[in-house]
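Peer 1: In the numbering used here, the protein residues as written are 13 to 243.
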Amino acid sequence: MGMPMLLHIRDVLKPDQIAECRRMIDRAEWVDGRRTANFAEFSDVKNNQEVSQTDPAALQMGTMILAALSNNPLFVQRALPIKICPPLFNRYTGGENYATHTDSGLLQQRPPNLPLRSDLSATLFLTAPADYDGGELVIEDNFGRHSIKLPAGDMIVYPASSLHHVEPVTRGARVSSFFWIQSAIRSDAQRMLLTELQSSIDHMRHAVPGNPGIMELMGVYSNLLRLWSET
Ligand code: NI
13 MGMPMLLHIR DVLKPDQIAE CRRMIDRAEW VDGRRTANFA EFSDVKNNQE VSQTDPAALQ
73 MGTMILAALS NNPLFVQRAL PIKICPPLFN RYTGGENYAT HTDSGLLQQR PPNLPLRSDL
133 SATLFLTAPA DYDGGELVIE DNFGRHSIKL PAGDMIVYPA SSLHHVEPVT RGARVSSFFW
193 IQSAIRSDAQ RMLLTELQSS IDHMRHAVPG NPGIMELMGV YSNLLRLWSE T
């Protein structure tokens, strides 16, 4: 089953959308990433730059990303999103890094929006891996340590509760979008079980199409979702 807690989604953005993002990002207003750190403690570990949240480019690119995600069946089925915060954008260059941390559990949003519980963190890579050295997103979970560096347009979704860091970027620049997701399924373990059940159903639909057991399992899936979800 690969890395159970991590969800790799390929080609969230098409090449022309990535190019458009990069054009807007290069013209955007950048601020010190420490300014948006949630706690003073973070100023010691966070060492990068972010597009100003009030820059209209951030809103425009964010809208494009959220539209792409809402049409991505893998993301919708696996993350089971209820709320997604407006996507943010960061850049690491010249040795910048983000030391080991856990993401804030509750994110304050601009009024009139209510706070969002960050069940899942997402990083959408906007730079080709060949264009920079370092910059791996390293995620530690119960299954070990995962070093992530994906093609431009690909996204990794992981439990916001996990310890993670970004390695120093020693050549070029690493540009990404990042954001948090409140899932209908708060528990990582329950979300993982639903994923495994869905995967078993998919296997059966190919192996024994029309078998009545498939409909029964689909009913179990729906009923677990009803039992465990919060909206
Ligand atoms: Ni983080």
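Glycine included, C-beta positions come from ideal geometry on N, C-alpha and C. Note that this is a predicted model, so its numbers are computed, not measured.
In this structure, how does DSSP classify Glu208 when only helix, strand and coil are distinguished?
Peer 2: Glu208 falls in the helix class under three-state DSSP.
Peer 1: If I measure Cβ to Cβ from Leu81 and keep anything under 6 Å in the same chain, skipping five residues before and after, which residues do I get?
Peer 2: Only Phe87 meet the Cβ criterion.
Peer 1: Sorted by chain position, which residues of the same chain lie with C-beta nearer than 6 Å to Tyr233's C-beta, five sequence neighbours on each side aside?
Peer 2: Leu209, listed in sequence order.
Peer 1: Enumerate in chain order the residues of its own chain whose CB-to-CB distance from Trp240 is below 6 Å, with the five nearest sequence positions on each side excluded.
Peer 2: If we look at Trp240 and ignore the five residues flanking it on each side, its Cβ neighbours are Ile197 and Gln202.
Peer 1: Using only the alpha-carbon positions, how far apart do Asp200 and His177 sit?
Peer 2: Computed Cα separation, rounded: 20 Å.
Peer 1: Would you say the beta carbon of Ser133 comes nearer than 7 Å to a heavy atom of the ligand NI?
Peer 2: Yes, the beta carbon of Ser133 sits closer than 7 Å to at least one heavy atom of the ligand NI.
Peer 1: Using only the alpha-carbon positions, how far apart do Thr114 and Leu132 sit?
Peer 2: Taking the straight line from one Cα to the other gives about 11 Å.
Peer 1: Quick one: Cα of Arg183 to Cα of Thr75, how far?
Peer 2: Answer to the nearest angstrom: the Cα atoms are 30 Å apart.
Peer 1: Shortest alpha-carbon distance to Glu62 belongs to which of Ala31, Ala185 and Ile77?
Peer 2: Residue Ala185 is the option with its Cα nearest to Glu62.
Peer 1: For Met227, count the other beta carbons within 10 Å of its own beta carbon; 16 or more makes it buried, fewer makes it exposed. Which is it?
Peer 2: Exposed.
Peer 1: What does Asp298 pair with, by DSSP beta-bridge criteria?
Peer 2: There is simply no residue 298 to check, as the chain begins at 13 and stops at 243 in what is shown.
Peer 1: Rounding to the nearest angstrom, what Cα-Cα distance links Lys58 and Arg22 in this structure?
Peer 2: Cα to Cα, Lys58 sits roughly 27 Å from Arg22.
Peer 1: Between Asp281 and the ligand NI, is there a pair consisting of the residue's CB and a ligand heavy atom that are separated by less than 7 Å?
Peer 2: Only positions 13 to 243 of the chain appear in this structure, which leaves residue 281 out of reach.
Peer 1: Which stretch, first to last residue, makes up the alpha helix (DSSP H) that contains Glu32?
Peer 2: Where Glu32 is concerned, the enclosing alpha helix (DSSP H) stretches over Pro27 to Arg39.
Peer 1: Looking at Pro99 and Met73, is the spacing between their C-beta atoms short of 8 Å?
Peer 2: The answer is yes: Cβ separation under 8 Å.
Peer 1: Who pairs with Val63 in a beta bridge, going by DSSP?
Peer 2: According to DSSP, which records beta bridges pairwise, Val63 is partnered with Trp42.
Peer 1: Along the chain, where does the beta strand (DSSP E) that runs through Met167 open and close?
Peer 2: Its beta strand (DSSP E) spans residues Met167 to Pro171.
Peer 1: State yes or no: is the C-beta of Phe137 within less than 8 Å of the C-beta of Met17?
Peer 2: Not a contact, by the Cβ cut-off of 8 Å.
Peer 1: With burial defined as no fewer than 16 other Cβ atoms inside 10 Å of the residue's Cβ, what is the status of Ala134: buried or exposed?
Peer 2: Buried.
Peer 1: If you reduce the DSSP assignment to three classes, tell me which class Ile5 lands in.
Peer 2: With the chain represented from 13 up to 243, any question about residue 5 goes unanswered, as that position is not in the structure.
Peer 1: Taking only heavy atoms of the ligand NI into account, decide whether any of them is closer than 7 Å to the Cβ of His176.
Peer 2: Yes, since a heavy atom of the ligand NI falls inside the 7 Å radius drawn around the Cβ of His176.
Peer 1: Taking C-beta to C-beta, are Gly165 and Ile30 nearer than 8 Å?
Peer 2: Yes, the pair counts as a contact, with Cβ atoms nearer than the cut-off.
Peer 1: Let's test the definition: count the other Cβ atoms within 10 Å of the Cβ of Leu95 and tell me whether it reaches 16, buried, or not, exposed.
Peer 2: A small fix is needed here, since residue 95 is Lys in this sequence, not Leu. By the neighbour-count rule (16 or more Cβ atoms within 10 Å), Lys95 is buried.
Peer 1: Taking only runs that begin and end inside the segment 150 to 198, name each unbroken beta strand (DSSP E) of 3 or more residues, in chain order.
Peer 2: You should have 156 to 160, 167 to 171, 175 to 178 and 181 to 195.
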